[in-house]
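Participant:
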Amino acid sequence: MREGPGVWPPPPLVVGGLLLLAYLAGWALPLPVHRPLAGAGITLAILSLAWGLWALAVMRRAGTDPRPFTPDTQFVGTGPFRFGRNPIYLGFLGIAAGLALWWGQAWGWLAVLLAFLWLDRAAVRKEEAYLRGRFPASYPPYAAKVRRWV
168 MREGPGVWPP PPLVVGGLLL LAYLAGWALP LPVHRPLAGA GITLAILSLA WGLWALAVMR
228 RAGTDPRPFT PDTQFVGTGP FRFGRNPIYL GFLGIAAGLA LWWGQAWGWL AVLLAFLWLD
288 RAAVRKEEAY LRGRFPASYP PYAAKVRRWV
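Below, the structure is given as structure tokens:
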């Protein structure tokens with residue numbers, strides 16, 4: 168069986184690492200950009216986590232492994248994948264944005280931006296090329312009608 172899209176390091180580690188660096192930077196050199204919005208931040212983070220878990224559940228139910236370095240066995244275009252091609256990554260970004268709201272620090276927003284850029288350029292583009300080759304009958308029409316993010 169073919170290998171997966173070859174995304175490495177795993178996206179949760181990249182996003183988590185950026186958030187950890189942002190938190191530490193905010194502690195060492197505070198750069199407040201707004202007052203901390205804990206309620207809004209926690210709400211956004213929880214909703215984003217639920218969104219990502221829904222996408223993971225849909226992939227598991229379809230019988231495919233959601234890890235981006237393993238081969239896909241089924242094409243999935245249902246559930247949250249109807250609204251955007253990368254709901255798990257969108258969930259990661261929503262969690263990161265929720266933490267940035269909570270912290271109120273420029274570092275958190277920088278982490279969100281860097282996470283988005285890395286996901287979009289390093290992970291998503293590799294996965295899209297892989298999916299076009301792996302599912303040539305179903306992925307291209309899906310990609311033509313469903314947006315990359317939302």
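One rule links them: number in my numbering = place in the sequence shown (from 1) + 167.
A virtual CB, placed ideally from N, CA and C, is assigned to each residue, including glycine.
1) With a floor of 4 residues, list each alpha helix (DSSP H) that falls wholly inside the stretch 231-260, ordered by position along the chain.
2) Please name the residue in Val-182, Tyr-297, Pro-247 and Pro-307 whose C-alpha comes closest to that of Trp-276.
3) Can you give the Cα-Cα distance for Pro-233 and Ala-195, rounded to whole angstroms?
4) Would you mind giving the Cβ-Cβ distance between Phe-259 and Gly-219, rounded to the nearest angstrom? I have them listed as a contact below 8 Å.
5) Where does the unbroken alpha helix (DSSP H) through Pro-307 begin, and where does it stop?
6) Contact check, Ala-296 vs Val-174 under 8 Å by CB: the rounded distance?
7) What does the alpha-carbon distance come out to for the pair Trp-274 and Lys-293?
8) Name the one or two DSSP bridge partners that Pro-197 has.
9) Looking at C-beta atoms only, is the number of pairs between the stretch 186-200 and the stretch 210-228 that lie closer than 8 Å three or more?
10) Which residue from Thr-231, Gly-244 and His-201 puts its Cα closest to that of Ser-350?
11) Can you tell me the Cβ-Cβ gap for Pro-178 and Leu-286, rounded? I've got them flagged as a contact below 8 Å.
12) Quick one: what's got a C-beta closer than 6 Å to Gly-184's C-beta in the same chain, skipping five residues either side?
13) Compute the Euclidean distance between the alpha carbons of Gly-271 and Ala-222, then round it to the nearest angstrom.
Facilitator: Here's the rundown:
1) none
2) Within the sequence shown, the letter at position 109 stands for residue 276. The shortest Cα separation from Trp-276 among Val-182, Tyr-297, Pro-247 and Pro-307 belongs to Val-182.
3) The residue labelled residue 233 in the question sits at position 66 within the sequence shown. The residue labelled residue 195 in the question sits at position 28 within the sequence shown. Their backbone Cα atoms lie some 36 Å apart in a straight line.
4) As a position in the sequence shown, residue 259 is number 92, starting the count at 1. As a position in the sequence shown, residue 219 is number 52, starting the count at 1. With 8 Å as the limit, Phe-259 and Gly-219 qualify as a contact, their Cβ atoms being about 7 Å apart.
5) As a first step, residue 307 must be located in the sequence shown, where it is residue number 140. Boundaries of the alpha helix (DSSP H) harbouring Pro-307: 306-312, taken from the DSSP string.
6) The residue given as residue 296 occupies position 129 in the sequence shown. The residue given as residue 174 occupies position 7 in the sequence shown. In fact, because the Cβ distance is near 11 Å, the residues do not count as touching under 8 Å.
7) Position 107 of the sequence shown, counted from the first residue, corresponds to residue 274. Position 126 of the sequence shown, counted from the first residue, corresponds to residue 293. In a straight line, the C-alpha of Trp-274 is about 27 Å away from that of Lys-293.
8) Position 30 of the sequence shown, counted from the start, is the residue given in the question as residue 197. DSSP lists no partner for Pro-197.
9) Judged by Cβ distances under 8 Å, the stretch 186-200 makes no contact with the stretch 210-228, as fewer than three pairs qualify.
10) As shown, the chain starts at 168 and ends at 317. That puts residue 350 outside it, with no answer to give.
11) Walking along the sequence shown from the start, residue 178 turns up at place 11. Walking along the sequence shown from the start, residue 286 turns up at place 119. Between Leu-286 and Pro-178 the Cβ distance is about 6 Å, and since that is below 8 Å, they are a contact.
12) Walking along the sequence shown from the start, residue 184 turns up at place 17. Contacts found: none.
13) As a first step, residue 271 is located in the sequence shown; it is residue number 104 there, counting from the start. As a first step, residue 222 is located in the sequence shown; it is residue number 55 there, counting from the start. Computed Cα separation, rounded: 29 Å.
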